[in-house]
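Counting from 1, one number per residue, gives the positions in the sequence shown under full-length UniProt numbering.
Built from N, CA and C at the ideal position, the CB exists for glycine as well.
Since the structure comes first, as structure tokens, the remarks are kept for the end.
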Amino acid sequence: MNKQSKQELVVQMHDRLTRAKAVFLADFRGMSVGQATNLRNELRSASVEYKVFKNTLLDLAAEGTDVECIRPHLAGPTAIAISYDDPVSAAKVLNKFAKDPTGKFVLKAGVLSGKLLDLKQIQALADLPSREVLIGKMLGSMQAPATNFVGVLAALPGSLVRVLDAIRVQKTTH
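Given below as structure tokens:
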């Protein structure tokens, strides 16, 4: 690969890293072709870009981005997973493969919104509910006050009728 091609790759990766919401690094040594294919397919279905990239080029591409803090983790064979939308789904897929008892896929580090994540933090991110579930919960909690308010408003005319009826009964007995 000539110098011009490498420079173009660095520029393209720099653009990707700039747009990324989350980036994860992993060591993939020893994975079989089948395992690697399964990983790529699951990541693709989660809208995550997965690439094996030279550390020196990735180091150059990370310069000046929010993911610059990954640079110390660029050693040995490195695969990079880039999430532009939902970091939780990316973390879930990667964490699932990292838990494989063969131990051939090892997460190194991650970056979420410019903050370096260690393995425990990536695990915690993977344990979060999916984006759709969180949105559903948020909408439900936003809808609850409106529902309660409507219930109160619906109860007011009934209460008024009962009070007026009680007053009527009281006046007719006196």
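Legend entry - Span of the beta strand (DSSP E), counted from its first residue to its last, around VAL106: 106 to 112
Inset, instruction - For PRO87, count neighbouring C-beta atoms within 10 Å of its own C-beta (all shown protein chains included) and say buried if the count is 16 or more, exposed if not. - result: buried
Inset, instruction - List the endpoints of the continuous beta strand (DSSP E) containing ASP27. - result: 22 to 27
Inset, instruction - Could you work out which residue in ARG29, VAL111, LEU117, LYS6 is closest to LEU57 when comparing CA atoms only? - result: LYS6
Legend entry - Whole-angstrom distance between PRO77 and LEU39, CA atom to CA atom: 16 Å
Legend entry - Reduced DSSP category for SER45 - H, G, I as helix; E, B as strand; rest coil: helix
Legend entry - Three-state secondary structure (DSSP) of ALA61: helix
Legend entry - ALA79 - DSSP class collapsed to helix/strand/coil: strand
Inset, instruction - Let me know the secondary structure DSSP gives VAL52 once reduced to three states. - result: strand
Inset, instruction - Rounded to whole angstroms, what's the CA-CA distance from VAL48 to MET142? Just pull it up for me. - result: 30 Å
Inset, instruction - Output yes or no for whether 9 Å exceeds the beta carbon distance between VAL52 and VAL111. - result: no
Legend entry - Cα-Cα separation between PRO101 and ASP27, rounded to whole angstroms: 15 Å
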